[in-house]
Amino acid sequence: GIRLTSYHNLYFLLNLMKQVRQAIMDDNLLEFREHFVEKYGYNKSGRNF
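According to the UniProt record's numbering, the residues represented by the sequence shown are 1 to 49, in order.
Now the structure itself:
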């Protein structure tokens, strides 16, 4: 169970970074951020993304 969770988390983070790099190259990082926050929520601690 723990190993599968680790694989899932690694896949998620690697895919997220791939999408962030693409958003930077496409010059739409802020739009990507808005979509990400809309889909996954926001940081309730008040810190910026």
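We put the CB at the ideal spot given by N, CA and C, even for glycine.
- According to the DSSP assignment, residue 9 belongs to the alpha helix (DSSP H) that extends over 2-25.
- In this structure, DSSP gives residue 42 a state outside helix and strand, which the three-state scheme calls coil.
- With respect to residue 20, residue 32 sits close: the two C-beta atoms are nearer than 8 Å.
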